[in-house]
Amino acid sequence: MNFNKKRILITGAAGFIGSNLTDSLLEEGAEVIGIDNLFSGSLENLERAFKNKKFEFHKGDIRDLNFLLDIFKDIDIVYHQAAFTSVPQSVKMPENCNDVNVNGVLNVLNAARRMNVDKVIYASSSAVYGDTPTLPKREDMRRIPISPYGVAKLACEAYMQAYHHVYGLKTISLRYFNVFGPRQRDSPYSGVIAIWLGNIIRNEDLIIFGDGKISRDFTYIKDVIQANLLAAEHNAAGEIINIGAGSPITLTDLATLMLKIVKKENLKIIYSDPRPGDILHSYADISKALDLIHFKPEYDQERGLSDYFKWYSNRYNIDLKK
Ligand code: UD2
0 MNFNKKRILI
10 TGAAGFIGSN
20 LTDSLLEEGA
30 EVIGIDNLFS
40 GSLENLERAF
50 KNKKFEFHKG
60 DIRDLNFLLD
70 IFKDIDIVYH
80 QAAFTSVPQS
90 VKMPENCNDV
100 NVNGVLNVLN
110 AARRMNVDKV
120 IYASSSAVYG
130 DTPTLPKRED
140 MRRIPISPYG
150 VAKLACEAYM
160 QAYHHVYGLK
170 TISLRYFNVF
180 GPRQRDSPYS
190 GVIAIWLGNI
200 IRNEDLIIFG
210 DGKISRDFTY
220 IKDVIQANLL
230 AAEHNAAGEI
240 INIGAGSPIT
250 LTDLATLMLK
260 IVKKENLKII
270 YSDPRPGDIL
280 HSYADISKAL
290 DLIHFKPEYD
300 QERGLSDYFK
310 WYSNRYNIDL
320 KK
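Just so you know, numbering that gives the first Met the number 0 puts 136 at position 137 of the sequence shown, and the rest follows in order with no gaps.
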């Protein structure tokens, strides 16, 4: 797609995925309007974007419909990335998770419809599948989420489809599988790779919740961004599409690989109690993504981790091998 004449709005623009998407769309020549309440996002992530004249930022909350209606003017595409993102936090505060994720999506959809946005591309999650035993996960399989987070994401996907069917709004939900990479925060509620990278930098042992056999289809941010651009380019609408690396890895293998890449095999892997709400295995069948939007991931975990670590060393001037 020629993004040159497009006006694109990104919710959660100051977050991990939103800010990477912002930078890529600006590079493609789009005009980008970023919104974020800065609850978990940070303006530091938008340093590069702020240098671009085609970027504008508004601080505000997706739960505030009037704020959205004010900003959603002459927008072609909305990328809805703002979210309550943590599975364990959703177990602690299900109401907040529902408020931000479900009520937030409804507001974004209502604003998009009223302001004649052409397409809404939504950041959904593989958490919607829950613990069903069949692998890899296909979009048409049963979904039985086991965390409030997964329930909320499933409801949001259903709203995306309903707004397409009832109001003709073009919507696509991309079911992300464990995204990792530059700008993911190292906080207890962040993804495991960012947490372990923080441990490695501080020369701390890595903690695995459970027996280490849990597996995930960790997907590198650059592939996720590519999928988002493709979702804008192709005509698919009213669809739900898995976006994963298509190559699962167990937590023990992941921890071992990370320590190997940074040559810190002296650090230990410690096994601790399983975490409530965790699903056991998650692995994407990505054939629908190939069919509908021609998505092909370019990064397996090793390549993604190496690229991420290189970015981190340059950004913070740290030698990870020390
Ligand atoms: C991730 C996403 C979530 C959703 C989901 C879909 C994040 C923060 N969350 O949740 O938004 O899309 O994927 O499945 O990216 N673990 C450890 N040690 C640690 C931290 C975590 O063993 O120090 C385990 C954790 O118990 C889980 C696995 O690592 O078994 C992955 O955890 P996560 O929080 O990175 O991701 P997940 O799958 O809960």
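Just so it is clear, CB atoms sit at the ideal spot from N, CA and C, and this is done for glycine as well.
Burial check for Met0: the Cβ neighbour count within 10 Å stays below 16, so the residue is exposed.
Counting every other CB atom within 10 Å of its CB across the protein chains shown gives Val127 a total of 16 or more, marking it as buried.
Placement of the Cβ of Asn241 at a distance of 7 Å or more from every heavy atom of the ligand UD2 is found. A contact between stretches requires three or more CB pairs, one per stretch, nearer than 8 Å, and the stretch 183-200 fails this requirement with the stretch 151-166. For Leu266, the closest of Ile32, Pro87 and Glu203 by C-alpha to C-alpha distance is Glu203. Secondary structure in the stretch 224-289: the alpha helix (DSSP H) runs of 4 residues or longer, each lying completely within the stretch, are 250-260 in chain order. Contact between the stretch 301-310 and the stretch 227-241 is absent, with fewer than three C-beta pairs closer than 8 Å. For Val150, the distance from the CB to the nearest heavy atom of the ligand UD2 is not below 7 Å. Per the coordinates, the alpha-carbon of His293 lies some 32 Å from the alpha-carbon of Ser41. With a threshold of 7 Å, the Cβ atom of Ala244 does not count as near the ligand UD2, since no heavy atom of the ligand is closer than that. Distance from Ala254 to Asp222 at the Cβ level is roughly 22 Å; contact not present, criterion being Cβ atoms closer than 8 Å. Looking only at Leu289, Asn19 and Asn3, the smallest Cα-Cα distance to Thr10 is reached by Asn19. As the crow flies, the alpha-carbon of Lys262 is around 6 Å from that of Lys320.
Residue pairing of His79 in beta bridges, as defined by DSSP: Thr10 and Tyr121.
Look at Asp35 here: in three-state DSSP terms it is strand.
Under the DSSP definition of a beta bridge, Ile207 partners with Tyr270. Exclusion of Ile248 from the 7 Å shell around the ligand UD2 follows from its C-beta lying no nearer than that to any non-hydrogen atom of the ligand. Within 7 Å of the C-beta of Thr84 there is at least one heavy atom belonging to the ligand UD2.
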